[in-house]
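Numbering (this note's numbering), first residue to last: 67 to 236.
What follows is a single structure, written as structure tokens, with notes after it.
See below:
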């Protein structure tokens with residue numbers, strides 16, 4: 067492996083580690099890496115350019131520009147000799163299946179039910195099936211598919227008698 071390839075791999079690793087520290091503006095314990103919205107990091111060592119693709123969870127997410135700025139700022143702090151571009155990729159579809167296990171645990175710690183992983187086509191039953199993040203019970207019901215943000219739904223647990231939100235499967 068030549069030095070250019072080694073440097074490129076090393077720089078990409080440094081960028082990923084920096085992005086582990088960029089938290090979602092709504093869920094401050096969930097990084098953009100664990101949310102699964104960074105599908106690609108391209109390092110051009112010759113031109114000292116780092117291009118980061120970001121796929122938003124929802125195309126109408128109000129935090130897209132905030133997250134773009136946070137990503138640029140963190141990578142520039144970490145690698146000040148590079149030009150950093152963050153491109154929002156609306157062509158690539160994000161899926162809640164891309165949330166890492168660490169990210170799912172962070173959602174649960176935030177008392178937000180992680181979305182159920184699914185295969186094939188998403189149906190209403192998958193959206194309705196939410197485990198209570200407090201007690202783990204599946205004896206729950208969806209009260210509304212519309213929560214305080216586009217990516218959340220409202221549920222109720224019959225066992226611990228508490229309402230909770232779920233990060234919607236998508």
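Cβ coordinates follow ideal geometry from the N, Cα and C atoms, glycine included.
Backbone CA spacing between residue i and residue j [nearest angstrom]
| i | j | result |
| --- | --- | --- |
| residue 196 | residue 110 | 43 Å |
| residue 200 | residue 172 | 13 Å |
| residue 138 | residue 177 | 29 Å |
| residue 151 | residue 94 | 23 Å |
| residue 118 | residue 97 | 15 Å |
| residue 175 | residue 204 | 17 Å |
| residue 132 | residue 165 | 20 Å |
| residue 168 | residue 114 | 31 Å |
| residue 116 | residue 88 | 16 Å |
| residue 180 | residue 209 | 17 Å |
| residue 83 | residue 235 | 26 Å |
| residue 198 | residue 226 | 9 Å |
| residue 92 | residue 149 | 27 Å |
| residue 161 | residue 147 | 33 Å |
| residue 218 | residue 159 | 18 Å |
| residue 86 | residue 80 | 10 Å |
| residue 190 | residue 182 | 12 Å |
| residue 223 | residue 206 | 4 Å |
| residue 220 | residue 233 | 9 Å |
| residue 185 | residue 170 | 17 Å |
| residue 230 | residue 216 | 15 Å |
| residue 140 | residue 75 | 19 Å |
| residue 228 | residue 202 | 12 Å |
| residue 127 | residue 112 | 34 Å |
Sub-8 Å separation of residue i and residue j beta-carbons
| i | j | result |
| --- | --- | --- |
| residue 214 | residue 193 | no |
| residue 154 | residue 134 | yes |
| residue 145 | residue 77 | yes |
Meets three-Cβ-pair contact criterion under 8 Å: the stretch 121-129 and the stretch 97-108: yes
For the stretch 126-157, which segments carrying the alpha helix (DSSP H) assignment without a break, of at least 4 residues, lie completely within its bounds, in sequence order? 130-144
Every unbroken beta strand (DSSP E) within the stretch 159-235, with a cutoff of 3 residues, ordered by chain: 206-210, 218-223 and 228-233
Can you give, in chain order, each stretch of the beta strand (DSSP E) that sits fully within the stretch 96-128 and has at least 3 residues? 106-110 and 115-120
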